[in-house]
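J.:
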Amino acid sequence: MKNNPDVAFKEQVGYVSGVFGNCMGQDSVGTYTDQFMYDYMGLKSHHIVAMKSVTTGVNILIAPIVGAMLDNNHSSKGNARRFMTASAIPFTLSSILLFIVPSSSITFNVIWSFLLFLLFNIADTFFDVALSTLSVRMTPNAKSRKNFYTVAQLASTLGSMLPGGMVPILIELQGNDYAKEKWAFFTVALIFGILGLFTMLVPCFTLKERNIVLPPREKEKKVKIDYKLILLNRPLLLLCLSQVIESVRQVCYNSLPFFYKHTLNRYGMKTYVEIGSSTLSYAGLLSVPFVGKKRSSRDIVVWGYLHTGICYLILLTFGYKSLWLVGILIALGGMPNAAMSAAKRILLADSTDYMEWKSFKKYGVAQRNEGMVFAFNTMVSRIAALWKELLVNGGMALIGYQSAVSINGVMTEAVQTPETLHGIFLLVAIPGIIGNLVPGIIMMFDNFTGKRKEKIMSELEEIRAASAIAAENTPV
41 MKNNPDVAFK EQVGYVSGVF GNCMGQDSVG TYTDQFMYDY MGLKSHHIVA MKSVTTGVNI
101 LIAPIVGAML DNNHSSKGNA RRFMTASAIP FTLSSILLFI VPSSSITFNV IWSFLLFLLF
161 NIADTFFDVA LSTLSVRMTP NAKSRKNFYT VAQLASTLGS MLPGGMVPIL IELQGNDYAK
221 EKWAFFTVAL IFGILGLFTM LVPCFTLKER NIVLPPREKE KKVKIDYKLI LLNRPLLLLC
281 LSQVIESVRQ VCYNSLPFFY KHTLNRYGMK TYVEIGSSTL SYAGLLSVPF VGKKRSSRDI
341 VVWGYLHTGI CYLILLTFGY KSLWLVGILI ALGGMPNAAM SAAKRILLAD STDYMEWKSF
401 KKYGVAQRNE GMVFAFNTMV SRIAALWKEL LVNGGMALIG YQSAVSINGV MTEAVQTPET
461 LHGIFLLVAI PGIIGNLVPG IIMMFDNFTG KRKEKIMSEL EEIRAASAIA AENTPV
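Sequential numbering of the sequence shown, starting at 41, is according to this note's numbering.
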């Protein structure tokens with residue numbers, strides 16, 4: 041961090057802080073809202089699917105608007121920090137209030153959850169796209185990105201691990217007291233929500249706005265180029281396609297809390313397995329700058345997918361009679377996750393370089409659109425999230441999972457059948473296989489790597505140098 045030639049130490053600390061806080065909220069909501077809505081709010085699968093379908097549609101519309109606003113503002117002040125500041129508070133409030141059961145009325149609970157989930161996702165889109173756009177502008181030198189994003193991923197993994205690890209322990213300490221369990225969820229959300237708010241505000245005060253000032257262009261030509269470039273950006277499209285298929289793998293992760301709590305009746309085991317998985321994940325992540333000297337970021341992603349897919353294939357084969365085997369396989373399956381996430385961030389940032397090179401080759405104009413690249417990635421992630429929700433809730437309906445019921449105005453926990461408990465295991469193992477092996481194969485087709493990448497980057501440096509000379513000789 042101290043020796044990064046592109047980013048001041050204070051700025052990198054600020055960026056890491058923002059990623060840390062953002063990931064805490066994302067993990068709390070992404071991992072536990074389904075279980076909370078089923079087991080404590082009494083929502084049914086069709087309620088959750090409808091709610092998340094609408095919120096996803098809204099976010100798909102908002103993401104490109106945010107990206108365009110970031111790309112089209114070329115002033116020295118910029119607007120990325122303003123977006124982050126304005127979105128941090130609603131992000132935090134909604135992530136906390138989603139873990140409150142406001143009434144015994146299912147209708148009221150549905151409306152409550154919908155409004156808060158919508159607010160959370162809109163705020164998350166503004167914060168995430170703005171922070172991500174600044175990150176690639178902070179690292180114009182592609183060679184320094186491995187260290188930059190590796191450090192950021194350390195914070196991201198820690199932010200995702202903390203609430204995920206505390207929830208099962210607190211729930212198990214309640215001794216199957218249903219009412220106390222409900223408030224334990226809220227306690228965790230409150231603690232990490234407040235911590236997350238402070239850490240998300242740090243980059244708003246430490247990061248400098250960075251804008252790439254482009255020469256004036258005709259509006260028609262700009263619009264024509266901007267949107268077509270997305271379709272020409274092969275590394276971006278392959279990464280996004282793998283992300284859509286990876287949503288199947290997220291079904292596995294969303295089903296794990298149900299698996300530990302109901303099928304295994306060992307909810308606290310989730311924390312211990314995640315500690316082991318995170319330890320292995322950190323080891324893999326810290327190796328990225330060194331492995332990256334021999335292997336490309338694409339290779340890290342491909343082999344990470346294949347490794348995890350094989351672990352879940354073994355889990356499906358041997359079942360869940362041995363708790364030790366289950367824990368070891370799931371922990372090993374999570375080993376490459378942090379390294380893969382860092383590698384994907386690098387690939388996404390690198391795709392802006394590819395876009396710049398491709399636009400010159402295709403249109404004669406070397407054009408970068410960082411905001412649009414990250415907005416497009418955010419749009420795809422929302423679509424993938426919706427597809428995941430359809431699969432998760434469709435799977436829960438298929439295995440006959442029962443939600444909490446209101447009896448005399450009091451929410452009461454439902455009892456699951458043995459067939460349902462085994463069905464939860466299948467929702468863990470089968471998506472864990474498909475959602476890893478298929479994306480791994482897809483990423484093999486990314487050819488912006490190795491000698492070809494070196495050749496393209498060499499050409500891009502020449503293009504940039506020529507553009508700089510031309511800009512100096514162009515009268516204002």
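No residue lacks a Cβ here, since even glycine has one placed at the ideal position from N, Cα and C.
Every value quoted in this text rests on a predicted model; they were computed, and no experiment measured them.
Starting from the C-beta of M380, find all residues in its chain whose C-beta is less than 8 angstroms away, skip the five residues before and the five after it, and write them out in chain order.
T.: If we look at M380 and ignore the five residues flanking it on each side, its Cβ neighbours are I340, V341, G344 and Y345.
J.: I need the straight-line Cα distance from S317 to G373, nearest angstrom please.
T.: Looking at the two C-alpha atoms, the distance is approximately 8 angstroms.
J.: Give the straight-line distance between the Cα atoms of R122 and I503, rounded to the nearest whole angstrom.
T.: In a straight line, the C-alpha of R122 is about 33 angstroms away from that of I503.
J.: Could you tell me which residues DSSP pairs with K447 in its beta bridges?
T.: According to the sequence shown, residue 447 is Ile rather than Lys. I447 pairs with V450.
J.: Any idea if S498 is buried or exposed, counting beta-carbon neighbours within 10 angstroms, 16 or more meaning buried?
T.: Answer is exposed; the Cβ neighbour count stays below 16.
J.: Can you list, in chain order, the residues of its chain whose CB lies under 6 angstroms from that of G233, leaving out five sequence neighbours each side?
T.: Closer than 6 angstroms at Cβ, skipping near neighbours: T132, S135 and I136.
J.: Among residues of its own chain, excluding the 5 on either side of I140, which ones have a beta-carbon nearer than 7 angstroms to its beta-carbon?
T.: Closer than 7 angstroms at the Cβ level, and outside the excluded window around I140, lie F226.
J.: Rounded to the nearest angstrom, what separates F157 and K495 at their Cα positions?
T.: So the alpha carbons of these two residues sit roughly 45 angstroms apart.
J.: Report back the beta-carbon spacing between H302 and Q456 to the nearest angstrom; my notes put them in contact at under 8 angstroms.
T.: That pair is a contact at about 6 angstroms.
J.: Distance check for T73 and I151, CA to CA, integer angstroms please.
T.: Between I151 and T73, the C-alpha separation is close to 15 angstroms.
J.: Relative to the C-alpha of A219, which candidate in I146, A406 and D79 has its C-alpha closest?
T.: Comparing Cα positions, the closest option is D79.
J.: If you draw a straight line from the C-alpha of G82 to the C-alpha of L477, how long is it?
T.: Rounded to the nearest angstrom, the two C-alpha atoms are 35 angstroms apart.
J.: Given that a residue counts as buried once 16 or more other Cβ atoms are within 10 Å of its Cβ, and exposed if not, what is K333?
T.: Under this definition K333 is an exposed residue.
J.: By Cβ distance, which residues of its chain are closer than 7 angstroms to V420, with the 5 residues on each side in sequence left out?
T.: Contacts found: C280, Q283 and V284.
J.: Just to confirm before moving on: does the CB-CB distance between V468 and C292 stay below 7 angstroms?
T.: Yes, the pair counts as a contact, with Cβ atoms nearer than the cut-off.
J.: Is it the case that the stretch 458 to 472 contacts the stretch 317 to 327, given that we only count it when at least three CB pairs across the two stretches are under 8 angstroms?
T.: Touching, no.
J.: Could you confirm whether any beta carbon from chain B is found closer than 7 angstroms to the beta carbon of I140?
T.: In the displayed structure, chain B is absent; only one protein chain is listed.
J.: How big is the Cα-Cα spacing for I209 and T311?
T.: So the two alpha carbons sit approximately 7 angstroms from each other.
J.: So, with DSSP's three-state summary, where would you put D74?
T.: D74 falls in the helix class under three-state DSSP.
J.: Would you tell me roughly how many angstroms separate the C-alpha atoms of G480 and F49, rounded to the nearest one?
T.: Roughly 35 angstroms separates the two Cα atoms.
J.: Have a look at A506 and F414 and give me their C-alpha separation to the nearest angstrom.
T.: Computed Cα separation, rounded: 27 angstroms.
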